[in-house]
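Data block below; observations after.
In our numbering, the protein residues as written are -14 to 228.
Structure follows, in structure tokens:
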């Protein structure tokens, strides 16, 4: 599933979170949005996910403009999308019930639910905890459940918002491996907002540097990290840019 933004601006009262952003995400691509806090990364993901509508500009998901769709058509489009947030919010149920939720509301057959839940939990290394009550999980385990719940129905567009920001290295590694395996198995389009430059380098095909709501540079991963064209990008990568 591809997406496109054309001259998108997003304002919150007097604050301009995004300024004339033009961007394409290709089908099957992993794209990383990097930049300091408050640069507009999360706002960008929320607009792509149709949680927010831009103040100005055009958004297209799989060639369709959500602003011109009926509620039913928008809902149908969103059923192929999922988003994982920085802080997991799990139901007061078992791990298995949390992960199965997205399938149950889609009226999936019980035998298929069991199969898909087992697959998703195995992907994040939690198959042995499926009967555990979710509120008793560690932070890392909870985020892995959140990821499993997002991918269990195999969305064609997966959005990750600082999804490992608060986790220890072991859980970061497990989740990054899950992202890579999910992409290999489904060829889904994945957009990831992250502060972690090493994570962007490990996961992404394309990297976009956002500063003060504007795209400073977009390039293939190798070009972005080895030969950035913009001085602001070079300063950010070297740690010299004070935001």
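C-beta: ideal position from N, C-alpha, C; glycine also.
Just to check my reading of the structure: residue i and residue j have Cβ atoms closer than 8 Å, yes? What is that Cβ distance to the nearest angstrom?
i           : j           : result
residue 18  : residue 26  : 5 Å
residue 202 : residue 194 : 5 Å
residue 196 : residue 20  : 6 Å
residue 28  : residue 3   : 6 Å
residue 190 : residue 15  : 5 Å
Beta-carbon within less than 6 Å of residue i's beta-carbon, same chain only, minus the 5 sequence neighbours each way: which residues are those?
i           : result
residue 45  : -11
residue 85  : 98, 102
residue 154 : none
residue 110 : 159
residue 73  : 127, 128, 131
residue -4  : 40
residue 171 : 139
Rank the options by C-alpha distance to the C-alpha of residue i and give the top, closest one.
i           : options            : result
residue 52  : 62, 38, 217, 63    : 38
residue 162 : 3, 133, 138, 47    : 133
residue 169 : 9, 13, 211         : 13
residue 35  : 210, 65, 23        : 65
residue 61  : 81, 104, 30, 140   : 140
residue 70  : 94, 105, 124, 81   : 124
residue 157 : -1, 29, 127, 173   : 127
residue 78  : 110, 106, 119      : 119
residue 67  : 108, 173, 1        : 173
residue 121 : 106, 80, 96, 94    : 80
residue 49  : -14, 16, -4        : -14
residue 138 : 100, 165, 151, 152 : 100
residue 150 : 93, 83, 183        : 183
residue 23  : 208, 199, 96, 165  : 199
residue 6   : 94, 166, 32        : 32
residue 105 : 226, 135, 152      : 135
residue 107 : 164, 47, 75, -6    : 164
Can you find a heavy atom of the ligand HEM that lies under 6 Å from the Cβ of residue i?
i           : result
residue 141 : Of the ligands one can find in the structure shown there are none, so the ligand HEM has no counterpart to examine.
Leaving out the 5 sequence neighbours to the left and right, which residues in its chain are closer than 8 Å to residue i when beta-carbon positions are compared?
i           : result
residue 185 : 17, 19, 177, 179, 192, 206
residue -8  : 5, 6, 7, 41, 42, 43
residue 152 : 124, 125, 128, 160
Cutting at 7 Å between CB atoms, please list the residues of its own chain near residue i, excluding the five before and the five after it.
i           : result
residue 214 : 202
residue 208 : none
| task | Answer yes if the stretch 55 to 62 comes into contact with the stretch 213 to 225, meaning at least three C-beta pairs across the two stretches below 8 Å, and no otherwise. | result | no
| request: Would you mind listing the beta strand (DSSP E) stretches within the stretch 19 to 73 that are 3+ residues and don't spill past its ends, in chain order? | output: 41 to 46, 66 to 69
| With contact counted as at least three CB pairs below 8 Å, one residue from each stretch, are the stretch 104 to 115 and the stretch 87 to 96 in contact? | no
| field | At least 3 beta-carbon pairs within less than 8 Å: the stretch 162 to 179 vs the stretch 140 to 150 | value | yes
| request: Output the residue ranges of the beta strand (DSSP E) runs that lie fully inside the stretch 140 to 183 and measure 3 residues or longer, sorted by chain position. | output: Qualifying beta strand (DSSP E) stretches, in chain order: 142 to 146, 174 to 179.
| request: Return the chain-ordered ranges of every alpha helix (DSSP H) run that is complete within the stretch 87 to 124 and spans a minimum of 4 residues. | output: Annotation: the stretch 87 to 124 contains the following complete segments of the alpha helix (DSSP H) (minimum length 4 residues), in chain order: 95 to 108.
| request: Go through the stretch 178 to 223 residue by residue and report every complete run of the beta strand (DSSP E) that reaches 3 residues or more, in order. | output: 191 to 196, 199 to 205
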